[in-house]
Amino acid sequence: MICIYDKKTIKGNFDNNGLGVLNELIVGEVTEELNGQYYLEIEYPANSKKSIYFKEFNIIKADEQLFRIYKVEKVQDIDKRIKVYANHIYYDLANYFIEDERPTNASVKTAMQKAMISDLPTIYTVDSDIIIANTLYMVEMSPAEAMFKIIDRWGQGELIRDNYDIKILKQRGKDNGVLIKYGKNINGLKITIDTTNVVTKLYPKGANGIKLTEKYINVLNWDSDLYPPFPIIKKVELKEAADEVTLRKMASELAETIGLSSINIQVDFIELSKSNEYSKFKDLEKVNIGDIVTVRHREFNIDVKVKVIKVKKDLLTGINTKVELGQPLGNFLKSIDPSAIIKTATDELGNQVAKVLTSMMYYANPIILNISTTEIQPMYLGVSAVANTNLSLNLAISCNASSECTLTIKIELDNVEIVFKPKQKLKQGDNVIGIPLGIPQVNQGAHYVGIYLKVDTGTVTIPIYNMQCMIDGRNLQGGLSAEPAHAECFEKIEIIDINKLYINKVNHYFRDINLQETSTKLFTSSIGFDTTEIIGEKEIFTEVNITME
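Just so you know, we're using the UniProt record's numbering here: the sequence shown kicks off at 1 and counts up by one.
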């Protein structure tokens, strides 16, 4: 059922028929693109009594989604009809203005929340399952634009717009086993395979003209039969790379993408229905944006999985009339210096580095705490880890005890008590407590640390900011970077010749010492030798292991 509502209708008031049910629809289509446009187009009889409701800013509910009218055309054809154009209610966000918001070292959800300015948090809800930390400057843009900027900055994410609920997920669709097999030209089916930007070798240059020692980076399968018998070399500028190691990493990331050809498939079911091949494509009538489809073509030796990137749905029949798969046309590697792909490689490099470095979360009590014999929970800390990590917790307390007592500290991870349960004897007056604690490996995602305190007698007062907790771990989301003290570097180290090191050390202090080839001998009697020249007035201790057979 398709209904129309007055422009002033607000969230929560769309569970009725509004101004009326649009039951005389001539044409009605909803088009959605993956991380792109989402709009409605309808045609309605101009002489209908309900045509008076087609006014700019009024809202149409179709396919359980809300669309706000932005343009109305009156077509003077034989049947005289009205054409109405409406954008998804998500685009109401385009009418708000972000002056300056800068989510720093934040998750995608946090960045989305930052974009919800003014009264938007009471209207829209946002969510994401992408927890990689990043930074984005949202300056002088609309929240609608900011959502796409977030996807671009994080280098991943697929946008879901469900009325006032907005999500950016790693993947929104499913692979339901839909398979397209074709081997000849079919009306209604257009396949475009573009190798314009295929590359087999990259010649990367970094900041200040930095080059690789090996000069080139090969793309995947660069020597396969798919490519011509000569290298296809392109120069790329990676100005973000300030050293050779970074340049090599960024170029390698880029090579994984830049060497691919693009494929785009457009299916027109109206035209396709006229062919005998129609039945082979019926599964596409029900696919959704982001779903994964397997495409096979025996002549071109194609067997790939591609995403549904655009769907046009007929509101009268409830099925898809047009479906587009693969990469958007004209949007795959717009130039041989593709900044979007380079930036994605840069971001991914940053993420890899961030996983090695650690971050620290810091908390302190904002109010005075009074600890008694009744257990209280003065701290409940949220910790989000980008990857599996070990945590270390350091708790520092400066307090004043009314009398001698014992303070019991209980710590919970995700509401499960940690076995370590320290007790600290306090003297009357001022006391300082410091407790370091290693927390076993926790998985990627959100976690909670709870700290409970109680005493066996009397009371303990903790002044404001005098109970401090620091949690340290690899790439804790939103944490303070601890790069200088926590960077860990790994590299291959050749086996060390201990004998050579020992002899070099001896040579430094003594003279005329030479290393001779080891020989195996059978000792039948003791052998004496003069060590005066070697030892002089120094002392030497030698440990000898002799194996006798």
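Cβ coordinates follow ideal geometry from the N, Cα and C atoms, glycine included.
Excluding its 5 nearest sequence neighbours in each direction, ASP414 has C-beta neighbours in its own chain below 7 Å: HIS447 and TYR448, listed in chain order.
In this structure, DSSP gives GLN113 a helical state, which the three-state scheme calls helix.
In the DSSP assignment, ASP127 falls within the beta strand (DSSP E) that extends over 125 to 128. Taking 8 Å as the cut-off, the beta carbon of LEU169 is found closer than this to the beta carbon of ILE160.
By a beta-carbon distance limit of 8 Å, ILE69 contacts ALA86. Their separation comes to about 5 Å. Taking each of LEU22, THR373 and ASP268 in turn and checking the Cα distance to ILE82, the smallest one comes out for LEU22.
For PHE67, the enclosing beta strand (DSSP E) starts and ends at 65 to 75.
Under the three-state reduction of DSSP output, GLY458 falls in the coil class, being neither helix nor strand. In this structure, the alpha-carbon of ILE217 lies about 13 Å from that of LEU238. Taking the C-beta atoms as reference points, ILE289 is found nearer than 8 Å to GLY173.
Residue range 143 to 154 is occupied by the alpha helix (DSSP H) that includes ARG153.
Counting C-beta atoms within 10 angstroms of its own C-beta, ILE464 has fewer than 16 neighbours from the protein chains shown and is therefore classed as exposed. Taking a C-beta distance under 8 Å as the contact criterion, MET379 and MET470 do not qualify as a contact pair. Within the stretch 6 to 71, complete alpha helix (DSSP H) segments of at least 4 residues are not found at all. As computed with DSSP, ASP119 is found in no beta bridge at all. In this structure, the alpha-carbon of MET138 lies about 18 Å from that of TYR90. The Cβ-Cβ distance between ILE439 and LEU391 falls below 8 Å. At the C-beta level, VAL293 and VAL311 stay beyond 8 Å of one another.
Linking ASP283 to GLU32 through their CA atoms gives a straight-line distance of about 18 Å. According to the DSSP assignment, SER107 belongs to no beta strand (DSSP E), since it is labelled neither H nor E. For GLU244, the three-state secondary structure derived from DSSP is helix. Look at the beta carbons and you see the stretch 396 to 407 touching the stretch 424 to 433: at least three pairs across the two are nearer than 8 Å. Excluding its 5 nearest sequence neighbours in each direction, THR213 has C-beta neighbours in its own chain below 8 Å: GLU244, listed in chain order. Of the candidates ILE263, ILE265 and ALA241, ALA241 places its Cα closest to the Cα of LEU254. Comparing alpha-carbon positions, the option among ILE367, SER142, ILE130 and ASP100 lying closest to GLN156 turns out to be ILE130. Following the DSSP letters along the chain, one finds ILE166 inside the beta strand (DSSP E) bounded by residues 165 to 169. The Cβ atoms of ALA94 and ALA144 lie closer than 8 Å to each other. Taken through DSSP and simplified to helix, strand or coil, ILE232 comes out as coil.
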